[in-house]
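In full-length UniProt numbering, the protein residues as written are 1 to 534.
By construction, the Cβ of each residue, glycine as well, lies at the ideal position given by its N, Cα and C atoms.
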């Protein structure tokens with residue numbers, strides 16, 4: 001089936017692939033989608049009751065951020081990251097995530113978890129402490145990598161938070177859809193299928209910030225005194241916003257890296273993707289070379305002076321992934337076993353959920369990612385990837401603007417965002433019926449019907465709804481109020497899946513694992529780095 005789809009066509013005046021044959025196939029093989037795997041990663045800043053960044057270190061009672069399975073840190077000591085294991089049940093995944101939040105809320109004392117992607121008022125970004133992972137070589141390397149990020153892109157950019165949604169289709173799907181026998185012999189075919197998904201995601205994934213973008217505003221402190229040419233409106237105090245913005249987190253103001261735009265990384269073949277990624281890690285950067293690897297006093301400034309210090313520095317709205325073995329680079333894992341799952345990285349923190357994401361969003365992503373897999377996806381050049389970025393930028397900066405037009409790739413033909421969105425949802429509704437048939441309910445269909453209304457009424461989008469609260473109370477004030485509400489709610493709730501004993505054991509074992517790692521190092525730090533570069 002995968003090789004027979006030549007379905008890319010205009011339909012109903014909208015440039016979206018004609019997936020009618022693929023949907024008919026899916027409706028005839030509904031069990032092929034049983035067993036979808038999902039994992040969630042949620043980032044959140046620790047803040048004080050006024051919404052200012054916490055200045056304390058990562059709470060020792062939570063365990064080792066280096067070795068804990070569920071609770072770690074991202075860029076900074078104050079930036080928590082919560083991770084759920086892979087699960088085939090959305091409600092169970094979210095309950096697990098909520099248990100983590102419940103536990104952390106009880107351990108934070110008067111500190112709270114920030115409910116927005118964009119930070120509130122930050123007085124001095126230089127005071128943001130980099131995440132610390134102990135004295136092992138790998139721990140020191142993780143902190144040095146973050147030092148490089150701070151010097152390259154600023155600490156403020158690095159404390160922007162998001163939600164990552166990890167998604168995998170069951171082997172049964174690939175067996176039915178692409179005639180795969182098993183995961184090992186079919187790894188090239190499965191990888192090609194996930195790359196097809198990724199190409200469609202680049203073409204149509206702007207629907208995610210349109211619906212769920214929740215960062216239409218920033219604190220004035222985020223500009224660090226720079227004058228912006230953007231037509232911001234302001235409350236005259238701390239808050240700036242764009243009237244039709246959906247996700248400033250995904251804009252050039254946010255988590256992006258302009259130096260990466262010329263790397264020529266495409267998603268047409270796994271070998272091509274990995275080769276381009278590996279080349280970027282070896283490509284010198286004049287800008288970063290000017291910083292030096294160490295300062296005049298011999299203090300480290302970055303891991304190296306290449307365009308990417310390590311593979312994770314590649315900023316992308318979606319990534320192909322495989323679980324790595326000990327010491328294995330992500331790209332080497334992909335070459336070894338093929339793409340195992342994809343990581344969606346375009347979700348802002350959902351400010352309407354105490355855990356930053358909800359079941360409606362998960363169900364929408366299931367529908368959309370399945371559609372991206374079924375729909376034909378011609379190869380994309382590096383130029384077309386840049387063109388797709390322009391579409392995304394249009395949506396994140398002014399997605400709710402009446403009459404907004406959208407293109408596909410580098411085509412000069414544009415169509416009303418409303419029309420493209422409704423055509424897409426007509427397909428998603430059919431996928432929803434198949435998924436609902438597994439559970440004997442209508443939850444996916446309800447999500448589809450609810451969200452499609454956002455195209456006729458942009459006031460239903462997350463960005464429009466949260467902007468009302470931000471205009472009324474300011475970004476920091478609105479965030480502090482929500483943080484307090486969620487903090488109290490989570491502390492009072494009972495655990496659903498995990499127990500206090502589970503968290504105590506995980507904290508203790510993570511500390512022991514870090515100590516064992518530190519005792520096992522035999523190389524000094526510079527020699528260790530040299531072995532990794534070799």
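Within the DSSP secondary-structure output, residue 344 pairs in a beta bridge with 165, 318.
Residue pairing of residue 79 in beta bridges, as defined by DSSP: 45. For residue 172, there is no enclosing beta strand (DSSP E); the enclosing alpha helix (DSSP H) has its first and last residue at 171-178. The straight-line gap separating the alpha-carbon atoms of residue 15 and residue 407 is approximately 8 Å. A direct Cα-Cα distance of roughly 24 Å separates residue 411 from residue 273. Within the DSSP secondary-structure output, residue 416 pairs in a beta bridge with 405.
Between the beta-carbon of residue 363 and that of residue 36 there is about 11 Å, and that puts the pair past the 8 Å contact cut. Within the model, the alpha-carbon separation for residue 139 versus residue 327 is close to 13 Å. Between residue 117 and residue 215, the CB-CB gap stays under 8 Å. Of the candidates 150, 265, 271, the residue whose Cα lies closest to the Cα of residue 385 is 265.
By the neighbour-count criterion, in which a residue is buried when 16 or more other Cβ atoms sit within 10 angstroms of its Cβ, residue 396 is buried.
Here residue 312 is exposed: its Cβ has fewer than 16 other Cβ atoms, across all protein chains shown, within 10 Å.
In the DSSP assignment, residue 382 falls within the unbroken alpha helix (DSSP H) covering 382-398. Residue 454 and residue 448 have their C-alpha atoms some 11 Å from each other. Remark: fewer than three beta-carbon pairs, one from each stretch, lie closer than 8 Å, so the region 245-256 and the region 291-311 are not flagged as touching.
Within a 10 Å sphere around the beta-carbon of residue 49 sit fewer than 16 other beta-carbons, which makes this residue exposed. For residue 240, the enclosing beta strand (DSSP E) starts and ends at 239-241. For residue 72, the enclosing beta strand (DSSP E) begins and ends at 71-73.
Nearest to residue 70 by alpha-carbon distance, out of 200, 54, 498, 110, is 498. The alpha-carbon separation between residue 208 and residue 239 amounts to approximately 24 Å. Considering only 477, 47, 507, 202, the residue with the shortest C-alpha distance to residue 381 is 202. Bounds of the beta strand (DSSP E) holding residue 219 are 217-219. Here the region 160-169 makes contact with the region 24-44; the two share three or more CB pairs at distances below 8 Å.
Taken through DSSP and simplified to helix, strand or coil, residue 118 comes out as coil. The three-state reading of DSSP puts residue 324 in coil, since its state is none of H, G, I, E or B. According to DSSP, residue 39 shares a beta bridge with 166.
Secondary structure note for residue 103: its alpha helix (DSSP H) is the uninterrupted segment 90-107. Taking the Cα positions, residue 331 is about 8 Å away from residue 277. Taking a 10 Å sphere around the C-beta of residue 168, we find 16 or more other C-beta atoms and assign the residue as buried. Ranked by Cα distance from residue 379, the options 194, 106, 150, 63 are led by 194. Between the beta-carbon of residue 26 and that of residue 452 there is about 19 Å, and that puts the pair past the 8 Å contact cut. The DSSP-derived three-state label of residue 247 is strand. One thing to note: residue 131 has its Cβ within 8 Å of the Cβ of residue 77. Under DSSP, residue 130 shares a beta bridge with 76. Non-local beta-carbon contacts of residue 230 in its own chain, meaning distances under 7 Å to residues more than five positions away in sequence, involve 242 in chain order. In terms of CA proximity to residue 329, 281 leads the group 281, 348, 300.
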